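In this note's numbering, the protein residues as written are 349 to 680.
A virtual CB, placed ideally from N, CA and C, is assigned to each residue, including glycine.
Source: prediction; values computed, not measured.
What follows is a set of notes on a single structure, which appears directly below.
Dropping the structure here:
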């Protein structure tokens, strides 16, 4: 193949084109400006992507919250065995974890236990397995709430004991109205026994509120255990010193048993409570020998200080009288 030979005219054209290229070449300032513009656009591109990603994530989070809120509202009426029942229990647990006051936590346990009985009453069919599972959840919530409220009741918040008795009576009425499957009779009986125990425990603690010893200092599944010894008057009452918190009046009438399916055990007779007194205790009207109490200790009273009298200190130097019949002289 023959090598192409450039003519003079062609070489002249090529030389002219090269000269034109050098003539339009940007100067250093223009190159720096173009380079900065390209860098700015390259840096701005990831920022736009990040903003778009943040927008997508925010929309997804809002959608999740919306769906969760709708599901939570729909789950409030769900029953054991429904698809949303697990969400209902989870929301109750979250609500309990966000409650920090002990009295409020105990009350919520009782509220959730009451919800379990309401669910059993609303179940269309008496499924034995679901019935027993829900009864077990009722017992767990009732026990937890009672354990917290009995401790608070003997620590000064005596209204919690009345709250327990009222709640136990209401739940006993719900329990007796349930349509119990044949295979769940044992669990039903245990639930009734638990309500009887709660009512009896609250009544026993109420009867010991004005005693010197209210509890044994121990606790069981229902919380504070009432003492069983003689109900003696607190030493502060014998001294006539008011106690830190006023004690509610204690009734000696035995409370009626809770009406549930099981045979209620007769409530034990309450130990007579010796009323607080600010003076000596009156003698017993009966012929029995009164309980020997330690002699009352008089409350300390402030001792009146003697009135200071002005006395003249003796003189430091005494000079006998120079003339008989006149008093002596004193220097000092």
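Whole angstroms is fine: what's the gap from residue i's alpha carbon to residue j's?
{"i": "residue 543", "j": "residue 435", "result": "28 Å"}
{"i": "residue 426", "j": "residue 461", "result": "15 Å"}
{"i": "residue 547", "j": "residue 430", "result": "33 Å"}
{"i": "residue 384", "j": "residue 398", "result": "22 Å"}
{"i": "residue 355", "j": "residue 363", "result": "12 Å"}
{"i": "residue 375", "j": "residue 408", "result": "51 Å"}
{"i": "residue 640", "j": "residue 503", "result": "Unreliable placement is indicated for residue 640, whose pLDDT of 39 sits below 50; no coordinate value is reported for it."}
{"i": "residue 424", "j": "residue 491", "result": "23 Å"}
For a test of the three-state rule: what should DSSP assign to residue i, helix, strand or coil?
{"i": "residue 563", "result": "strand"}
{"i": "residue 366", "result": "helix"}
{"i": "residue 429", "result": "coil"}
{"i": "residue 568", "result": "strand"}
{"i": "residue 573", "result": "strand"}
{"i": "residue 533", "result": "helix"}
{"i": "residue 457", "result": "helix"}
{"i": "residue 528", "result": "coil"}
{"i": "residue 499", "result": "helix"}
{"i": "residue 474", "result": "coil"}
{"i": "residue 354", "result": "coil"}
CB residue i to CB residue j, shorter than 8 Å?
{"i": "residue 444", "j": "residue 456", "result": "yes"}
{"i": "residue 464", "j": "residue 440", "result": "no"}
{"i": "residue 580", "j": "residue 573", "result": "no"}
{"i": "residue 549", "j": "residue 570", "result": "yes"}
{"i": "residue 520", "j": "residue 487", "result": "no"}
Tell me whether residue i is buried or exposed, calling it buried when 16 or more other Cβ atoms sit within 10 Å of its Cβ.
{"i": "residue 365", "result": "exposed"}
{"i": "residue 379", "result": "exposed"}
{"i": "residue 558", "result": "buried"}
{"i": "residue 494", "result": "buried"}
{"i": "residue 536", "result": "buried"}
{"i": "residue 403", "result": "exposed"}
{"i": "residue 405", "result": "exposed"}
{"i": "residue 514", "result": "exposed"}
{"i": "residue 454", "result": "buried"}
Starting from the C-beta of residue i, find all residues in its chain whose C-beta is less than 7 Å away, skip the five residues before and the five after it, and write them out in chain order.
{"i": "residue 482", "result": "428, 464, 467 and 468"}
{"i": "residue 450", "result": "496 and 500"}
{"i": "residue 561", "result": "575 and 577"}
{"i": "residue 476", "result": "529, 531 and 532"}
{"i": "residue 552", "result": "574"}
{"i": "residue 525", "result": "469"}
Excluding the 5 residues flanking residue i on each side, which residues of the same chain have their C-beta closer than 8 Å to its C-beta?
{"i": "residue 498", "result": "508, 509, 512, 549, 550, 553, 570, 571 and 572"}
Just to confirm my understanding: we take residue i, look at its own chain, exclude 5 residues before and 5 after, and list those with CB closer than 6 Å. What are they?
{"i": "residue 474", "result": "527 and 529"}
{"i": "residue 458", "result": "493 and 515"}
Is residue i a contact residue of the ligand FMN, with contact defined as CB to any heavy atom under 7 Å?
{"i": "residue 553", "result": "For the structure depicted, the ligand FMN is absent and the ligand set is empty, with no information on it obtainable."}
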